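S.K.:
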Amino acid sequence: MPFGAEPMTLAEKAYDALRRDIVSGALKPGAPLRMAQLSDRYGMGFSPLREALNRLQAERLVTSVALKGFSVAPLSMAEMWDAKNTRILIESRALRLSIEQGGDEWEAGIVGSLHALLLQAVRGTASEADARALEARHHAFHHALLSACGSGWLMDFFQRLYVESERYRHPMLAPRPGEPARDVQAEHEALAKATLARDADLACALLADHYRRTAQWVERMMTRPGQQADPVGEPIAGSVD
44 MPFGAEPMTL
54 AEKAYDALRR
64 DIVSGALKPG
74 APLRMAQLSD
84 RYGMGFSPLR
94 EALNRLQAER
104 LVTSVALKGF
114 SVAPLSMAEM
124 WDAKNTRILI
134 ESRALRLSIE
144 QGGDEWEAGI
154 VGSLHALLLQ
164 AVRGTASEAD
174 ARALEARHHA
184 FHHALLSACG
194 SGWLMDFFQR
204 LYVESERYRH
214 PMLAPRPGEP
224 ARDVQAEHEA
234 LAKATLARDA
244 DLACALLADH
254 YRRTAQWVER
264 MMTRPGQQAD
274 PVGEPIAGSV
284 D
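No gaps in the numbering here: position 21 of the sequence shown is 64 in our numbering, and each next residue is one more.
1. Assuming residue 235 and residue 157 make a contact with CB atoms under 8 Å, what is their CB distance in whole Å?
2. With burial defined as no fewer than 16 other Cβ atoms inside 10 Å of the residue's Cβ, what is the status of residue 108: buried or exposed?
3. Around the Cβ of residue 196, are there at least 16 other Cβ atoms within 10 angstroms (buried) or fewer (exposed)?
4. Could you spell out where the beta strand (DSSP E) holding residue 68 opens and where it closes?
5. Taking the alpha-carbon of residue 288 as reference, which of 166, 143 and 82 has the nearest alpha-carbon?
6. Note down the Cα distance separating residue 250 from residue 72, rounded to an integer number of angstroms.
7. Between which residues of its own chain and residue 95 is the CB-CB distance below 6 Å, once the five residues before and five after are set aside?
8. Could you say if the segment 78-89 and the segment 114-124 meet the contact criterion of at least three C-beta pairs nearer than 8 Å?
9. Between residue 130 and residue 254, is the Cβ-Cβ spacing less than 8 Å?
10. Over the uninterrupted alpha helix (DSSP H) stretch that includes residue 195, give me the two end residues.
11. Count the other CB atoms, across all protein chains shown, that sit within 10 Å of the CB of residue 145; report buried if there are 16 or more and exposed otherwise.
12. Whole angstroms is fine: what's the gap from residue 200's alpha carbon to residue 63's?
13. Could you give the distance in angstroms between the alpha-carbon of residue 75 and the alpha-carbon of residue 116?
14. Leaving out the 5 sequence neighbours to the left and right, which residues in its chain are closer than 8 Å to residue 225 when beta-carbon positions are compared?
15. Judging by CA-CA distance, which residue of 88, 247 and 80 is the nearest neighbour of residue 52?
16. Under a Cβ-count criterion, where at least 16 other Cβ atoms within 10 Å of its own Cβ denotes burial, should residue 170 be classed as buried or exposed?
17. Does residue 107 come out as helix, strand or coil in the three-state DSSP assignment?
18. Taking its Cβ as the centre, do 16 or more other Cβ atoms sit within 10 Å of residue 134, making it buried, or is it exposed?
19. With a cut-off of 8 Å on the beta carbons, I'd call residue 114 and residue 106 a contact; round off their distance for me.
20. Taking buried to mean at least 16 other C-beta atoms within 10 Å of its own C-beta, is residue 141 buried or exposed?
21. Are residue 177 and residue 168 close, meaning C-beta to C-beta below 8 Å?
22. Counting only the same chain and skipping the five closest in sequence on each side, list residues whose C-beta sits under 8 Å from that of residue 112.
23. What is the rounded straight-line gap between the Cα of residue 209 and the Cα of residue 241?
24. Using only alpha-carbon positions, find the residue among 183, 128 and 67 that is nearest to residue 247.
25. Residue 252: which of 166, 132, 154 and 165 sits nearest, CA to CA?
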């Protein structure tokens, strides 16, 4: 815990653990979330777990049906593209505002977060700790780009859509044989360069292309033989490993 930070409540700990397991795929899409099983899994009582589940339901990571209780929200191609396209709209606006308003501290934040991300990418993701570090630095970089936008609402939407997008991306981070090579870190560097040059049109175009390429890659992975994606957005059959 960072120095001076308030200790997490049990509900916050439950939320953090549940969200991490949903995003990583440890809790599979559509899986029922029974209180007794969750209590055993996380070593917590029903009250903080219920509070966490209600919060995750508001973030659309969990669904609830009367008399059936909570379950992990299903995955669908339509939901994935909706989240990705909405993310492009929100973040493009936030990026333009940041380019207009950001000062030296904002620029330094971008440079520092990019450097940290590139260092961790070189180290790889051989361990769970490395994988978590890479994800944390990836989030920090994208947050830094938008951090001078001056809008709490835009940053709140960024955070929610980031988590929703990670649900689709995270379980598929392992290399796939035959998949065309993609230099994601070069994309990050180009995005940072355009942003620091205050070229809003180019930066927003690179941001949109970065996200759409990821969405297209996820779509290819999820529609391989053995996976089924309904074009109208019904839950995808089979687990996403």
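Cβ atoms here follow ideal geometry from the backbone N, Cα and C, with glycine treated the same way. Please read these numbers as outputs of a predicted model, since none were measured by experiment.
M.R.: Walking through what the data contain:
1. Residue numbering aside, residue 235 sits at position 192 when the sequence shown is read from its first letter. Residue numbering aside, residue 157 sits at position 114 when the sequence shown is read from its first letter. With 8 Å as the limit, residue 235 and residue 157 qualify as a contact, their Cβ atoms being about 5 Å apart.
2. The residue you call residue 108 lines up with position 65 of the sequence shown. When all chains shown are included, residue 108 counts as exposed.
3. Start at 1 with the first residue of the sequence shown, and residue 196 comes out as number 153. Exposed is the call here.
4. Within the sequence shown, numbered from 1, the residue matching residue 68 stands at position 25. Counting along the chain, residue 68 falls outside any beta strand (DSSP E), and DSSP gives it neither H nor E.
5. As shown, the chain starts at 44 and ends at 284. That puts residue 288 outside it, with no answer to give.
6. Counting from 1 along the sequence shown, the entry for residue 250 is found at position 207. Counting from 1 along the sequence shown, the entry for residue 72 is found at position 29. When rounded, the distance between both Cα atoms is 28 Å.
7. Along the sequence shown, one-based indexing puts residue 95 at 52. Contacts found: 54, 57, 58 and 61.
8. no
9. Taking the first residue of the sequence shown as position 1, residue 130 is located at position 87. Taking the first residue of the sequence shown as position 1, residue 254 is located at position 211. Yes. Within cutoff.
10. Translated into positions along the sequence shown, residue 195 becomes position 152. Start and end: 195-212.
11. Locating residue 145 in the sequence shown gives position 102, counting from the first residue. It is buried - the Cβ of residue 145 has at least 16 other Cβ atoms within 10 Å.
12. Taking the sequence shown and counting its residues from 1, the one referred to as residue 200 is at position 157. Taking the sequence shown and counting its residues from 1, the one referred to as residue 63 is at position 20. Their backbone Cα atoms lie some 19 Å apart in a straight line.
13. Translated into positions along the sequence shown, residue 75 becomes position 32. Translated into positions along the sequence shown, residue 116 becomes position 73. So the two alpha carbons sit approximately 9 Å from each other.
14. Counted from its first residue, the sequence shown places residue 225 at position 182. Around residue 225: 256 and 260.
15. Taking the first residue of the sequence shown as position 1, residue 52 is located at position 9. The shortest Cα separation from residue 52 among 88, 247 and 80 belongs to 88.
16. Counting from 1 along the sequence shown, the entry for residue 170 is found at position 127. Answer is exposed; the Cβ neighbour count stays below 16.
17. Taking the sequence shown and counting its residues from 1, one reaches residue 107 at position 64. In the structure shown, residue 107 sits in a strand (DSSP, three-state: E or B).
18. The residue given as residue 134 occupies position 91 in the sequence shown. With 16 or more Cβ atoms within 10 Å of its Cβ, residue 134 is classed as buried.
19. Taking the first residue of the sequence shown as 1, we reach residue 114 at position 71. Taking the first residue of the sequence shown as 1, we reach residue 106 at position 63. That pair is a contact at about 6 Å.
20. Position 98 of the sequence shown, counted from the first residue, corresponds to residue 141. Result: buried.
21. The count along the sequence shown starts at 1 and reaches residue 177 at position 134. The count along the sequence shown starts at 1 and reaches residue 168 at position 125. The answer is yes: Cβ separation under 8 Å.
22. Sequence index remark: in the sequence shown, residue 112 carries index 69 (1-based). Excluding positions up to five away in sequence, the list reads 75, 76, 77 and 78.
23. Here residue 209 corresponds to residue number 166 of the sequence shown, with the count starting at 1. Here residue 241 corresponds to residue number 198 of the sequence shown, with the count starting at 1. Each residue's Cα considered, the two are about 28 Å apart.
24. As a working note, residue 247 is residue 204 in the sequence shown. Nearest C-alpha to residue 247: 128.
25. Within the sequence shown, the letter at position 209 stands for residue 252. Of 166, 132, 154 and 165, the residue nearest in Cα terms is 132.
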